[in-house]
Amino acid sequence: TQAALVESEKLASLGQLAAGMAHEINNPIAFVTNNLAVLRRDLGEIVALVDKYEETRQYIREAPPGLMDELAQIESDCDFSWLRDHLPELLRSSNDGLSRVRDIVNNLRDFARLDQATQDDVDLGRAITTTVEVLRHEIDEKQIHIDTDLQPVPTFLGRGDKINHVLYNVLLNAIQASPEGASLKIRLSPLPEAARIEVEDSGSGMDSETLGRVFEPFFTTKPVGTGTGLGMSVSYGIVRDHGGTMSLESQLNCGTTVTIDLPLASARSSKSESPA
Ligand code: ADP
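Everything in the sequence shown is counted per UniProt numbering, starting at 142 for the first residue and increasing by one.
The following block contains the structure:
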């Protein structure tokens with residue numbers, strides 16, 4: 142059943158992730174589509190005018206009366222100043238939109254680390270910045286200010302995809318608990334034989350009953366359909382599987398700090414090698 146829990150939480154988080162991604166991707170695509178529609182319309186007009194000009198040249202050869210009026214009309218139709226003024230901006234924002242899509246896809250790839258099913262060196266600082274980018278839509282929507290203090294720590298031996306999953310769950314909870322415009326502090330610091338990650342929000346906080354049940358599978362205070370109640374329990378399991386600890390400090394209406402300590406490989410192997 143533990144495996145089933147992990148699987149269903151993975152699916153729930155993937156669903157949230159996919160919804161966020163879809164939102165993020167739709168915006169730049171809308172830009173590009175819009176810009177291209179404008180360009181197609183204006184370029185169509187140019188082609189029609191060139192055709193008309195060709196026709197008029199033919200006309201000039203036959204020199205009918207009223208020729209000068211026709212030419213004056215074409216001249217006034219040939220006002221492309223709007224397009225000339227806006228073309229660079231249209232092309233630039235199309236380009237920005239496509240770059241954004243590229244970044245999102247890269248982030249998603251880094252985040253999922255689909256190629257990394259076994260233990261590997263995890264750059265915890267990079268894992269944090271990647272997860273922040275993956276949650277960019279939620280962060281911007283609530284105008285949350287992210288304040289990061291990422292000190293260098295040795296690379297950590299573990300499952301990169303699982304560590305990303307923990308960071309995603311903890312950060313999403315912190316964002317969801319925060320009021321609009323709040324600040325969220327993320328710290329990464331070295332301990333003698335471990336790396337410490339702290340996520341501090343100034344959000345709703347928890348009463349002691351909630352705090353006591355946070356790691357219980359399916360415990361949620363969020364409305365039906367919003368929370369699965371699995372984020373914290375699954376994260377706790379992942380951190381424990383890496384030999385680490387996860388603890389919470391919270392005060393109702395003041396905020397919550399989640400502290401995750403991950404032991405470095407040397408500390409873990411010396412522990413497991415020592416006699417019982
Ligand atoms: P979910 O987020 O789906 O409810 P979790 O297991 O991630 O499930 O969290 C369980 C509960 O713990 C949440 O419903 C919420 O009440 C509480 N919680 C977790 N993180 C925070 C936080 N940063 N601030 C306030 N409450 C939190």
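Idealized CB from N, CA, C, for every residue including glycine.
Fair warning: this is a prediction, and the values are worked out from it, not measured in the lab.
*Can you tell me where the alpha helix (DSSP H) with His306 in it begins and where it stops?*
His306 -> alpha helix (DSSP H) spans Gly301 to Ala318.
_Member of Leu312, Cys219 and Glu165 whose CA lies at the smallest distance from the CA of Glu186_ = Among Leu312, Cys219 and Glu165, the Cα nearest to that of Glu186 belongs to Cys219.
_Reduced DSSP secondary structure (H/G/I, E/B, other) of Met387_ = DSSP places Met387 in strand when its eight states are reduced to three.
*Through-space distance from Gly322 to Tyr194, alpha-carbon basis*: In this model, Tyr194 and Gly322 are separated by some 57 Å (Cα to Cα).
*Using a Cβ-Cβ cut-off of 7 Å (strictly less than) and excluding sequence neighbours within five positions of Gly385, which residues of its own chain qualify?*
Only Ile401, Asp402, Leu403 and Pro404 meet the Cβ criterion.
_Residue interval of the alpha helix (DSSP H) (run including Glu274)_ = That run of the alpha helix (DSSP H) goes Leu265 to Val275.
_What residue range does the beta strand (DSSP E) around Thr397 cover?_
First-last of the beta strand (DSSP E) with Thr397: Gly396 to Pro404.
_Please tell me whether, using a cut-off of 7 Å, the distance from the CB of Leu228 to the nearest non-hydrogen atom of ligand 1 is below it._
False, no ligand heavy atom lies under 7 Å from that Cβ.
_Segment contact flag, the stretch 326 to 342 with the stretch 353 to 362, C-beta cutoff 8 Å, min 3 pairs_ = Contact annotation: the stretch 326 to 342 does not touch the stretch 353 to 362, with fewer than three C-beta pairs closer than 8 Å.
*Best match in Asn314, Val294, Thr362 and Ile304 for proximity to Val380 [C-alpha to C-alpha]*: The shortest CA-to-CA distance from Val380 to any of Asn314, Val294, Thr362 and Ile304 is the one to Ile304.
*asked:* Does the distance between the C-beta of Ser349 and the nearest non-hydrogen atom of ligand 1 fall short of 7 Å?
replied: It does not: the Cβ of Ser349 is nowhere closer than 7 Å to a heavy atom of ligand 1.
*Ala315 beta carbon less than 8 Å from that of Thr369*: No.
*Residue environment, Val340, which counts as buried when at least 16 other CB atoms sit within 10 Å*: Val340 should be labelled buried.
_Member of Leu312, Arg181, Arg337 and Val365 whose CA lies at the smallest distance from the CA of Gly344_ = Nearest option by C-alpha distance: Leu312.
_Whole-number beta carbon distance between Cys395 and Gly346, since they are thought to touch under 8 Å_ = About 5 Å; that satisfies the 8 Å criterion.
*Should Ser413 be labelled buried (16 or more other beta-carbon atoms within 10 Å of its own) or exposed?*
Residue placement at Ser413 cannot be trusted, given a pLDDT of 45 that sits under 50; the coordinates are not used to answer.
*Shortest alpha-carbon distance to Ser235 belongs to which of Ala318, Val173 and Val399?*
Among Ala318, Val173 and Val399, the Cα nearest to that of Ser235 is on Val173.
*asked:* Taking DSSP's pairing of strands, which residues face Phe172 in a bridge?
replied: Partner(s): none; Phe172 has no beta bridge.
*asked:* Within a Cβ cutoff of 6 Å, which residues of the same chain sit near Asp342, ignoring the five residues on either side of it in sequence?
replied: Non-local beta-carbon contacts of Asp342 in its own chain, meaning distances under 6 Å to residues more than five positions away in sequence, involve Ala315, Ala318, Ser319, Leu325, Gly396 and Thr397 in chain order.
*How would you write the range of the beta strand (DSSP E) that Ile287 sits in, first residue to last?*
Per DSSP, Ile287 is one residue of the beta strand (DSSP E) stretching across His286 to Leu291.
*Return yes when at least one heavy atom of ligand 1 lies under 7 Å from the C-beta of Val380, else no.*
No.
*So is Ile327 buried or exposed if we call it buried at 16+ other beta carbons inside 10 Å?*
Buried, because 16 or more other Cβ atoms sit within 10 Å of the Cβ of Ile327.
_Beta-carbon proximity check, Ile280 vs Ile287, cutoff 8 Å_ = For the 8 Å CB-CB criterion, Ile280 and Ile287 form a contact.
_Asn394: CB within 7 Å of a non-hydrogen atom of ligand 1_ = No, the beta carbon of Asn394 sits no closer than 7 Å to any heavy atom of ligand 1.
*Cβ-Cβ distance between Tyr200 and Glu211 below 8 Å*: Pairing Tyr200 with Glu211 gives a Cβ-Cβ distance under 8 Å.
_Cβ-Cβ distance between Ile263 and Phe297 below 8 Å_ = For the record, residue 263 in the displayed sequence is Val; it is not Ile. Yes, Cβ-Cβ distance for Val263 and Phe297 is below 8 Å.
*In angstroms, rounded to a whole number, what distance separates the CA positions of Leu291 and Gly299?*
Straight through space, the alpha carbons of Gly299 and Leu291 are spaced by roughly 19 Å.
*asked:* So, with DSSP's three-state summary, where would you put Glu341?
replied: Residue state, collapsed to three classes: strand.
_Quick check: is any heavy atom of ligand 1 less than 7 Å from the C-beta of Lys303?_
Between ligand 1 and Lys303, a heavy atom-to-CB distance of less than 7 Å is absent.
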